[in-house]
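**Q** Residue numbers (this note's numbering), protein chains in the order written: chain C, 1 to 96; chain H, 1001 to 1499.
One structure coming up, written as structure tokens, with questions to follow.
Written out as structure tokens, the structure reads:
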């Protein structure tokens, strides 16, 4: 069971959270003008990275808020968590 | 009661509390502090089980959790029957009813042993569906028979009436294993002010210290080892920030230092309190983990090495020094280590005739000279050609190798063969935590390498076998773990330097 640090509440065990998919996937600004290709990219195409992955989590059984996290998919370690709207920390800032 | 195999005094058993128990309905007596294995050995019972397939007679090989042979069923009532309990881990209580498994009609006379005679026809990988004709006979005749002949133990048919409790716990430092290294780590972490949990799978803390001969045991911090043990345990028990878990096996290592511990609460009691759960499962989230899980002695490979009476040298030492039992009367030691010579000398002091020491190595060391001083013959460059004896080992055939060929052979009558081929560190939990292992050429063993969690391995489980080194190792890791766990600047849960 992982420990995940919610940027609002602090460290909590994994069962309090739900995974929210890849982070920083922007919805087309003017949906009516988006091409089919843009929609496809927004709706279906996701990274499947080996290594550092930016993803959304929701502290469902806690504050209920969404936040973003950087997780290493090879070791399952959370490198950083940060609030929605903030830029992901650069690899140098990540505490390793 | 045949207690001739019990030494007059010494050991960790309580001679003022004799206990009656049965094994396969025969009545025996043991003492409080015994395991079923030690009590049976004290009563001269060697045959404790049958092998899985060929139904070969099997006796006790080890003295702890690593026992592969002496599996028994324990009966309390119709619904409370536990199969496949290791006799070496089963604590004796008044009225214990144990029975052997995988035999019919009796352990001494097992018809299934016919498999041993026809072994050439049913080798490993034999395809049992060869029993195809006549077609209907597979379901009605062959399969039930094969199922009955193989397999160990039977599950109880009634629903389990017991309750099982669960508990979550947090601590700064969790120490797994209460041998010398683990105790030193726990003591160091506790004195640094950390919240410490210490768990050990045995009924008594102390690990390898309990198997030492108190008369020759090393001194720790200026006092006898067992006195140091009592003193250390008293200090830990008096500390309200320390939790001690006996009969508690750490069996699961999950991400971010979540360790599952199974604590057995009532299995060792003669009468079970009505309101007590049988076991308690702890989920311990530790800031730092110290693994002091020790090492397991390696057996040797030779023809007929599974006969009752053939055991690990360390096991014989435990039976003698911890339980006060002579595991035989005439012993032969086959070894590739110097440690085992100590066992031979201790056995001889306890009145067991040590017929010979067969050393697989070439050179004569100081240990061999010491044994010869005690008039134990030492055979170097030795090898084992075979053993004889059906329900108990009767003799062993030794030979001296000349240029790789067995030259001079000798037949040694014996009822106890001890073997020792070094130690394998117990890295199971460490591996479960996804830590990387590295191969150590000198020790010929895998040792903990790069960890994936905030974990430290100390003592024998990382190849520090000597007592002094293990104690120092444990103390250093304990205080380092306490320092890191209580560091106010500590943030996050990632292990330092994990990949």
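Glycine included, C-beta positions come from ideal geometry on N, C-alpha and C.
Everything numeric in this text was worked out from a predicted model, so none of it was measured.
In chain order, what residues of the same chain have a beta carbon less than 8 Å from the beta carbon of residue 1472 of chain H, not counting five sequence neighbours either side?
**A** Apart from the 5 residues on each side of it in sequence, residue 1472 of chain H sits with its Cβ closer than 8 Å to the Cβ of 1184 in its chain, given in chain order.
**Q** Ignoring anything shorter than 3 residues or poking outside the region 1239-1313 of chain H, list the beta strand (DSSP E) runs there in chain order.
**A** 1242-1245, 1248-1254, 1258-1264, 1279-1291, 1295-1297 and 1310-1312
**Q** Counting C-beta neighbours from all protein chains within 10 Å, is the total for residue 1286 of chain H 16 or more, i.e. buried, or is it exposed?
**A** buried
**Q** For the alpha helix (DSSP H) that residue 1373 of chain H lies in, which residues bound it at each end?
**A** 1366-1373
**Q** Which residues in chain H have a C-beta closer than 7 Å to the C-beta of residue 2 of chain C? List them in chain order.
**A** 1255 and 1256
**Q** Quick one: residues in its chain with C-beta nearer than 7 Å to the C-beta of residue 1195 of chain H, no 5 flanking neighbours on either side, listed in chain order?
**A** 1171, 1172 and 1241
**Q** Residue 6 of chain C by DSSP, collapsed to three states: which one?
**A** strand
**Q** Where does the unbroken alpha helix (DSSP H) through residue 76 of chain C begin, and where does it stop?
**A** Neither: residue 76 of chain C is in no alpha helix (DSSP H) and is coded neither H nor E.
**Q** Residue 57 of chain C bridges to which residues according to DSSP?
**A** C:19 and C:67
**Q** Residues in the same chain with beta-carbon distance under 7 Å from residue 1325 of chain H, minus the five sequence neighbours each way, listed in chain order, please.
**A** Contacts found: 1005, 1006, 1038, 1041, 1042 and 1319.
**Q** With a 10 Å radius around its C-beta and 16 neighbouring C-beta atoms as the bar for buried, classify residue 1453 of chain H as buried or exposed.
**A** Under this definition residue 1453 of chain H is a buried residue.
**Q** Compare the C-alpha of residue 1060 of chain H against each of H:1338, H:1359, H:1393 and H:1198 and name the closest.
**A** H:1393
**Q** Examine chain H for any beta-carbon lying closer than 7 Å to the beta-carbon of residue 15 of chain C, and answer yes or no.
**A** Chain H contact via Cβ: absent.
**Q** With a threshold of 16 other CB atoms inside 10 Å of the CB of residue 1001 of chain H, please say whether the residue is buried or exposed.
**A** With a pLDDT of 41 at residue 1001 of chain H, under the threshold of 50, the modelled position of that residue is not reliable, and no figure is offered here.
**Q** Thinking residue 1025 of chain H and residue 1116 of chain H are a contact (beta carbons under 8 Å), I'd like their distance in whole angstroms, please.
**A** In fact, because the Cβ distance is near 25 Å, the residues do not count as touching under 8 Å.
**Q** Need the endpoints of the beta strand (DSSP E) that residue 1099 of chain H sits in, please.
**A** Segment 1096-1100, the beta strand (DSSP E) holding residue 1099 of chain H.
**Q** Go through its chain and collect everything with a Cβ distance to residue 1010 of chain H's Cβ below 6 Å, but skip five positions before and after it.
**A** 1324
**Q** Verify whether the separation of the beta carbon atoms of residue 1313 of chain H and residue 1338 of chain H is less than 7 Å.
**A** Their beta carbons are not under 7 Å apart, which means residue 1313 of chain H does not touch residue 1338 of chain H by this criterion.
**Q** What do you get for residue 1433 of chain H, buried or exposed, if any count of 16 or more other CB atoms within 10 angstroms of its CB means buried?
**A** buried
**Q** Could you check how far apart the C-beta atoms of residue 1208 of chain H and residue 1179 of chain H are, in whole angstroms? I think they sit under 8 Å.
**A** Yes, they are in contact, since the Cβ atoms of residue 1208 of chain H and residue 1179 of chain H sit about 5 Å apart, within 8 Å.
**Q** Hey, would you say residue 67 of chain C sits closer than 7 Å to residue 7 of chain C, going by beta carbons?
**A** yes
**Q** Would you report the Cα separation of residue 1363 of chain H and residue 1462 of chain H, rounded to the nearest angstrom?
**A** Each residue's Cα considered, the two are about 27 Å apart.
**Q** Name the residue from H:1232, H:1488, H:1095 and H:1449 whose alpha carbon lies nearest to the alpha carbon of residue 1436 of chain H.
**A** If we check each option's Cα against that of residue 1436 of chain H, H:1449 comes out closest.
**Q** For residue 1445 of chain H and residue 1459 of chain H, what's the separation of their Cα atoms in angstroms?
**A** 14 Å
**Q** Please work out which residues of its chain come closer than 7 Å, Cβ to Cβ, to residue 1431 of chain H, disregarding the five sequence neighbours upstream and downstream, and give them in chain order.
**A** 1437
**Q** Use the C-beta contact count for residue 48 of chain C: other C-beta atoms within 10 angstroms, 16 or more gives buried, fewer gives exposed.
**A** exposed
**Q** May I ask which residues mark the beginning and end of the alpha helix (DSSP H) holding residue 1342 of chain H?
**A** 1339-1349
**Q** For the alpha helix (DSSP H) containing residue 38 of chain C, name the first residue and the last one.
**A** 36-43
**Q** With DSSP as the reference, identify every bridge partner of residue 1399 of chain H, one or two as the case may be.
**A** H:1383 and H:1409
**Q** If residue 1331 of chain H sits next to residue 1302 of chain H, beta carbons under 8 Å apart, how far is it from one beta carbon to the other, in whole angstroms?
**A** Between residue 1302 of chain H and residue 1331 of chain H the Cβ distance is about 16 Å, and since that is not below 8 Å, they are no contact.
**Q** Measure how close the beta-carbons of residue 28 of chain C and residue 37 of chain C come, nearest whole angstrom, since I'm counting them as under 8 Å.
**A** About 11 Å separates the two Cβ atoms, so there is no contact after all.
**Q** Could you pull the start and end residues of the alpha helix (DSSP H) that residue 1428 of chain H belongs to?
**A** 1428-1432
**Q** What do you get for residue 1479 of chain H, buried or exposed, if any count of 16 or more other CB atoms within 10 angstroms of its CB means buried?
**A** buried
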